[in-house]
Amino acid sequence: MIRRLVFALAGLLLAAPASAQSRPPIVLAAASLQESMNAAADAWAKRGHVRPTLSFAASSALARQAAAGAPADLFMSADVEWMDDLDRRGLLAKGSRVNLLGNRLVLIAPVDRQVRVTLRPGVDLRPALSGGRLAMADPDAVPAGRYGKAALTRLRAWDGVAPSVVRAENVRAALALVERGAAPLGTVYATDAKASAKVRVVGVFPAASHPPITYPIARLKASQNVEGERFRRFLVSPAGKAIFVRYGFSPR
94 MIRRLVFALA
104 GLLLAAPASA
114 QSRPPIVLAA
124 ASLQESMNAA
134 ADAWAKRGHV
144 RPTLSFAASS
154 ALARQAAAGA
164 PADLFMSADV
174 EWMDDLDRRG
184 LLAKGSRVNL
194 LGNRLVLIAP
204 VDRQVRVTLR
214 PGVDLRPALS
224 GGRLAMADPD
234 AVPAGRYGKA
244 ALTRLRAWDG
254 VAPSVVRAEN
264 VRAALALVER
274 GAAPLGTVYA
284 TDAKASAKVR
294 VVGVFPAASH
304 PPITYPIARL
314 KASQNVEGER
324 FRRFLVSPAG
334 KAIFVRYGFS
344 PR
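Just so we're aligned, residue 94 is where the sequence shown starts under the numbering used here, counting upward by one.
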């Protein structure tokens, strides 16, 4: 799968204009950034720049693409660990890494389901699941899933719900399971819940129950696209941060 994604991105690169300044910068962005990053790309284009090409997936998949040589310019992860992985490999442009955004972790249910859960130590989610599944991004690799597992472990609820967890490819896939009613509960970011009219927040995880949710951004060392660096600087500017805040993120 990673090889196919790398080839697909390479195709985008080869199809673009030869000039490094006119070629759209390619951005690898965490799945939870879809609405906000598209809005940022639109705002950048309105300033007279070529609109960036955006590729959304789980941060884990994107980091592996970058490590495999995907011809991308920027990487924006939903946690610091996958950015650290690329940093250790020497794949980030020196001085370009910035912790840009924060988020909250929430518990959601289908919008028409009447349930409320107080997320505190000792909470038992099994009654609220009613024999159904808990939708999460993969807790072994994907940031949203790792945050979720950490929170549920800290609240002493993980052992009770672990057999009921359905592991999704990314946080948006977990959201979709709850939207369709395939899972009665799910753990996603607050911004994901805000983006959907088909789910409602039924509980908010205490911030201290999991590592801080941090979105770092960096330019990849192999990038030679001047527009990529310019777009990165726009994203970390007050004007860029304001776009993300409109979609529910908190600035760092």
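Glycine included, C-beta positions come from ideal geometry on N, C-alpha and C.
Going by the DSSP bridge assignment, what does tyrosine 282 pair with across the sheet? Leu198
As assigned by DSSP and simplified to three states, the class of serine 302: Helix, per DSSP.
Nearest-angstrom Cα separation, counted from aspartate 233 out to alanine 244: 14 Å
Does the Cβ-Cβ distance between leucine 222 and valine 258 come in under 8 Å? no
Valine 292 bridges to which residues according to DSSP? Pro203
For arginine 97, is the classification buried or exposed, using 16 other Cβ atoms within 10 angstroms of its Cβ as the cut-off for buried? With a pLDDT of 49 at arginine 97, under the threshold of 50, the modelled position of that residue is not reliable, and the figure given next carries that caveat. By the neighbour-count criterion, in which 16 or more other beta carbons inside 10 Å mark a residue as buried, arginine 97 falls on the exposed side.
Inspect the beta-carbon positions of leucine 270 and leucine 248 and report whether they are closer than 8 Å. no
If I follow the unbroken alpha helix (DSSP H) through arginine 326, where does it start and stop? 319 to 329
Using C-beta distances below 8 Å, list every residue in its chain close to arginine 190, excluding the 5 sequence neighbours before and after it, in chain order. Met176, Asp180, Pro309, Ile310, Ala311
Can you round the beta-carbon distance between isoleucine 119 and alanine 156 to whole angstroms, since I take them to be within the 8 Å contact cut? About 15 Å; that fails the 8 Å criterion.
Determine, using beta-carbon pairs with one atom in the region 274 to 292 and one in the region 192 to 199, whether at least three such pairs fall under 8 Å. yes
Taking arginine 260 as part of the alpha helix (DSSP H), name the residues at either end of that continuous run. Per DSSP, arginine 260 belongs to no alpha helix (DSSP H); it is in the beta strand (DSSP E), 258 to 261.
Start-to-end residues for the alpha helix (DSSP H) that takes in threonine 307: Careful: threonine 307 lies outside any alpha helix (DSSP H), inside the beta strand (DSSP E) at 307 to 312.
Determine whether the beta carbon atoms of valine 210 and valine 295 lie at a separation below 8 Å. The criterion of a C-beta distance shorter than 8 Å is satisfied by valine 210 and valine 295.
Using beta-carbon positions only, say whether serine 170 and threonine 284 come within less than 8 Å of one another. Cβ distance not < 8 Å, so serine 170 and threonine 284 don't count as in contact.
Straight-line gap, alanine 138 to alanine 300 (C-alpha atoms, nearest Å): 36 Å
Straight-line CA distance for phenylalanine 100 to alanine 163? Caution is warranted here: a pLDDT of 46 is assigned to phenylalanine 100, below 50, making its placement in the model unreliable, and the coordinate value is therefore given only provisionally. C-alpha separation (whole angstroms): 8 Å.
Buried or exposed: proline 145, going by 16 or more other Cβ atoms within 10 Å of its Cβ? buried
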